Amino acid sequence: MAVLYEDKETLVINKPVDLVVNRAESIRGETVQDWVEGQGWYKGLKDSRTQDIEALYWERSGVCHGGTGNR
């Protein structure tokens, strides 16, 4: 996944088509949420809210953003 912008509070990625953003029991395979956590982006935060990543429908590609909430 291409990271378009990153700082200590914001992550912006280019989500490919056919990739689901948030985990769910009905979802098989990796999600954007899994990828973000695997990159260690939320590591060390008291309140890891990866489910706050902006969602696009799985069949669409485009820019997604999420924040740490650390302000």
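Every number in our numbering is 9 more than the matching position in the sequence shown, counting from 1. Each residue gets a CB set at the ideal place from its N, CA and C atoms; glycine is no exception. Predicted model only: the values in this text are computed from it and were never measured.
With contacts defined as CB atoms closer than 8 Å, Ile36 and Val29 qualify as a contacting pair. Here Gly75 is buried: its Cβ has 16 or more other Cβ atoms, across all protein chains shown, within 10 Å. In terms of Cβ geometry, Leu13 and Trp50 do not form a close pair [threshold 8 Å]. Judged by their CB atoms, Val45 and Lys24 are not nearer to each other than the 8 Å cut-off. Residue pairing for Val12: DSSP places it in a beta bridge opposite Ile22.
Using a Cβ distance threshold of 8 Å, Arg32 and Asp43 count as a contacting pair.
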